[in-house]
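One structure is given here, and the rest of the page talks about it.
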Amino acid sequence: MSKVIVSVVGHDRPGIIAAVSRVLFLNGCNIEDVSQSILQTEFAGVFIASLPKSLSARELSRRLCEELDPMGLSVLLRQMESTGVWEPPPSEPFVITTMGPDRPGLVAGITELLAGFGVNISNLKAVFRGGDDPHENTMIYEVDIPVAVDQNSFREALYKRGGELDLDVSLQHREIFEAIHRV
Amino acid sequence: MLTNKEVLSTLEMLKNEHLDVRTITLGISLLDCASDEPARFIEKASSKIGAVARNLVKVCDEVSVRYGIPIVNKRIAVSPIAVAACSCGPAQMVEVARALDRAAKGVGIDFIGGFSALVEKGFTSGDLALIEAIPEALAETEHVCSSINVASTRAGINMDAVYLMGKTIRKAAELTKDRDGIGCAKLCVFANIPEDIPFMAGAFLGVGEPDTVINVGVSGPGVVKKALDRAREANPGLDLGQISEIIKHTAFKVTKVGELIGRRVADGLGVPFGVVDLSLAPTPNVGDSVGEIFQSLGLGSIGVPGTTAALALINDAVKKGGAFASSYVGGLSGAFIPVSEDLNIAESARRGFLSLEKLEAMTSVCSVGLDMVALAGDTSAETLAAIIADEMAIGVINKKTTAARLIPVPGKKAGDKAQFGGLLGEATIIPVSGTDCSAGFISLGGRIPAPIHSLNN
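Chains A and B supply the protein sequences, listed in that same order. Numbers 1 to 183, taken from this note's numbering, label the letters of the first sequence in order. Numbers 184 to 640, taken from this note's numbering, label the letters of the second sequence in order.
Okay, here's the thing in structure tokens:
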């Protein structure tokens, strides 16, 4: 069986996942994994599905577009290859937060630094509340820092970049958040 | 995946509510340094402290940075010196104190506790030598703290010891009269002293404790106060039962911080983890006050009618929340009411809301005692002893820990201010009703027997 990864984007409302999963089911596909996000007014969903031998990825893509385009939804389908997959090195989970006035380049600036150290982002959320209080604009990066990375250098570089971007930055091991809030 | 609330509320607690680990205290047994030659004891003890605590500050700093939680104080508690150095005479005990002071400086910590004795049933020669050395030891050292246990529910109250401590406190004040009697700020008299308190001045490493151990003192009165304010703003109809739940939940969170940090420091040092002392311990910083919690509960000020009831609620809720959060809870574990270390409590005392009598009543429901209470410089040893005796009685009869840290400020009287500086803060001298009326009782001496309910075998 071949596997594909399907992403669906469009205005959020009831019925999107129902529409996608219906097409997959009617075409003999099995949904192995699914995740969704809602950002402002927009829905984004990602599905990993296995296809029956009789169905090509190209054909599935055509059938999905046929069904979802009239609903105003965009679909992107890719074959999931098992080669070329990135193998994460041993890492530790940390949480980086940035707080400061919103302006272009904040995410680019921080993520460029993370990439430079080989730090992978496992989850990213923006808490933008607008308004005049810069503390209302918070980005939360859950990251995996490889154990081979020198903590002190990373921390120093991160704070320096934060300073350049006029951001208040914090870097803490994930354990402390779990310890405080979970039994 | 963490929720926004989990991340943001943690940051809020750290940035604006003074969430921190108040102290990591490394207990070091000096019993294996015992010698009948005082110089040998000093040499072995200094060497052991230097070796065991070499990395204490470094490991604490690393753990603190890793988790983003400040560890405000790193401290050491040693075996009660009256036991470990029992062959010393008073002059040699002062030498021991100086050695402890040097050892503390050498490893970069601010306080070393354990210049202590346990005399609830009577004195050994080592106990008497240590007590005699206390005034000079505390005057000549910066970092050494002393605690004397004069009473227990099992043994009763050693009134000879109580009287002796009254005299010792006066001497300690006299020898530090140029600094408002600060020697007394490093001296606590206890009933039912726990053997694993991480806080000063009571910290010492009990005889039943392991060779080395890490005990953690958490804090967070600011976190509790803010949690209460938020909850009451969102829901003005909250009753005391629901308020108790909020304090309990907040105490849980604060204690979990201490548990995690303490365990990681213990791992980093290769030392066993002991207990979390989940006390609400204030500092003179704004927003880090226990007194303010009372105002959040609707009392005009700490000390007014309703205070003892409120404190009972707070102390109990803190214990319940904290006990669930930690595998091993110990030390004092409750709410501290230090008169000088808490800006709000100091102000209430200054304005006359917090009398000695009210403080004494409050100690029956909280976890510490008469803490950092500044008194007139001419308060007699007999009156000091009588105040201590009252405090000991509350502890002994109620099977709880109580203590007295009294500071008769030389040359000052009720209403004057005493300045201790730093974490010790400043205090207004509180009046005592009926000075010089207790000498007859105190001079009777002997031991007040243990209460009947201590016979629980």
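We put the CB at the ideal spot given by N, CA and C, even for glycine. Source: prediction; values computed, not measured.
- Excluding the 5 residues flanking it on each side, Ser637 (chain B) has same chain C-beta neighbours closer than 7 Å at Thr336 and Arg337, in chain order.
- Annotation for Phe154 (chain A): the continuous alpha helix (DSSP H) segment containing it runs Gln151 to Glu164.
- In the assembly as shown, Ser7 (chain A) is an exposed residue. Its beta-carbon has fewer than 16 other beta-carbons within 10 Å.
- The secondary-structure analysis by DSSP pairs Gly45 (chain A) across a beta bridge with A:Val8 and A:Gln36.
- Exposure of Asp361 (chain B) is indicated by the presence of fewer than 16 other C-beta atoms within 10 angstroms of its C-beta.
- With respect to chain B, the C-beta atom of Thr111 (chain A) has no partner C-beta closer than 8 Å.
- Exclusion of the five residues before and after Lys304 (chain B) leaves Ala338 and Asn341 as the residues of its chain whose Cβ lies within less than 7 Å of its Cβ.
- Excluding sequence positions up to five before and after Asp379 (chain B), its CB lies within less than 6 Å of the CB of Asn398, Gly457, Val458, Gly513 and Gly514, all in the same chain and listed in chain order.
- Taking the CA atoms as reference points, Ser82 (chain A) sits about 43 Å from Ala449 (chain B).
- Counting only runs of 4+ residues, the alpha helix (DSSP H) found wholly inside the segment 279 to 360 of chain B occupies 308 to 323 and 342 to 358, in chain order.
- Between Leu542 (chain B) and Ala587 (chain B) the beta-carbon gap is near 10 Å, outside 8 Å, which marks them as no contact.
- When C-alpha distances from Gln36 (chain A) are compared across A:Gly10, A:Arg22 and A:Asn30, the shortest belongs to A:Gly10.
- Neighbours of Val440 (chain B) in chain A, taken as residues at a C-beta separation under 8 Å, are given in chain order as Ile176, Ala179 and Ile180.
- Pro221 (chain B) and Asp394 (chain B) have their C-alpha atoms roughly 21 Å apart.
- Taking a cut-off of 8 Å on C-beta distances, the segment 488 to 505 of chain B does not touch the segment 281 to 299 of chain B, as fewer than three cross pairs fall below it.
- In this structure, the beta-carbon distance from Ile140 (chain A) to Thr97 (chain A) falls below 8 Å.
- Judged by beta-carbon spacing, Pro634 (chain B) lies beyond the 8 Å limit of Gly364 (chain B), meaning their Cβ atoms are not closer than that value.
- For Ser509 (chain B), the closest alpha carbon among the candidates B:Pro419, B:Thr208, B:Gly400 and B:Ala267 is that of B:Gly400.
- Closest in C-alpha terms to His201 (chain B), from the list B:Lys600, B:Pro467 and B:Phe298, comes B:Pro467.
- Between the C-alpha atoms of Gly163 (chain A) and Ala157 (chain A) there is a straight-line separation of about 10 Å.
- Residues of chain B with a Cβ closer than 7 Å to the Cβ of Gln172 (chain A) are, in chain order, Tyr250 and Gly251.
- If you check the CB distance, Ile429 (chain B) and Ala417 (chain B) do not come in under 8 Å.
- In this structure, A:Leu76 is the residue among A:Glu112, A:Ala57, A:Leu76 and A:Pro93 with its C-alpha nearest to the C-alpha of Ala44 (chain A).
- One Cα belongs to Ala334 (chain B), the other to Arg533 (chain B), and the distance between them is close to 31 Å.
- Within the segment 135 to 149 of chain A, contact with chain B at the beta-carbon level (separation under 8 Å) is assigned to Thr138, Ile140 and Glu142.
- Under DSSP, Cys371 (chain B) forms a beta bridge with B:Ser330.
- Taking the Cβ atoms as the reference, Leu51 (chain A) lies roughly 5 Å from Ser2 (chain A), within the contact range of under 8 Å.
- Residue environment for Asp310 (chain B): buried (at least 16 other C-beta atoms within 10 angstroms of its C-beta).
- For Leu461 (chain B), the closest Cβ of chain A is not nearer than 8 Å.
- In the assembly as shown, Cys620 (chain B) is an exposed residue. Its beta-carbon has fewer than 16 other beta-carbons within 10 Å.
- With fewer than 16 other CB atoms across the displayed protein chains lying within 10 angstroms of its CB, Ser616 (chain B) is exposed.
- Non-local C-beta neighbours of Arg223 (chain B) in its own chain, meaning closer than 7 Å and more than five positions away in sequence, are absent.
- Using a CB distance cut-off of 8 Å, Asn187 (chain B) counts as an interface residue toward chain A.
- Taking the Cα of Ala280 (chain B) as reference, the smallest distance to any Cα among B:Asn238, B:Ala228, B:Val242 and B:Ala518 is reached at B:Ala228.
- Under a criterion of Cβ atoms nearer than 7 Å, the residues of chain B adjacent to Thr97 (chain A) are, in order, Val190 and Leu194.
- Put simply, the CB of Lys125 (chain A) is near chain B, with a gap under 8 Å to one of its CB atoms.
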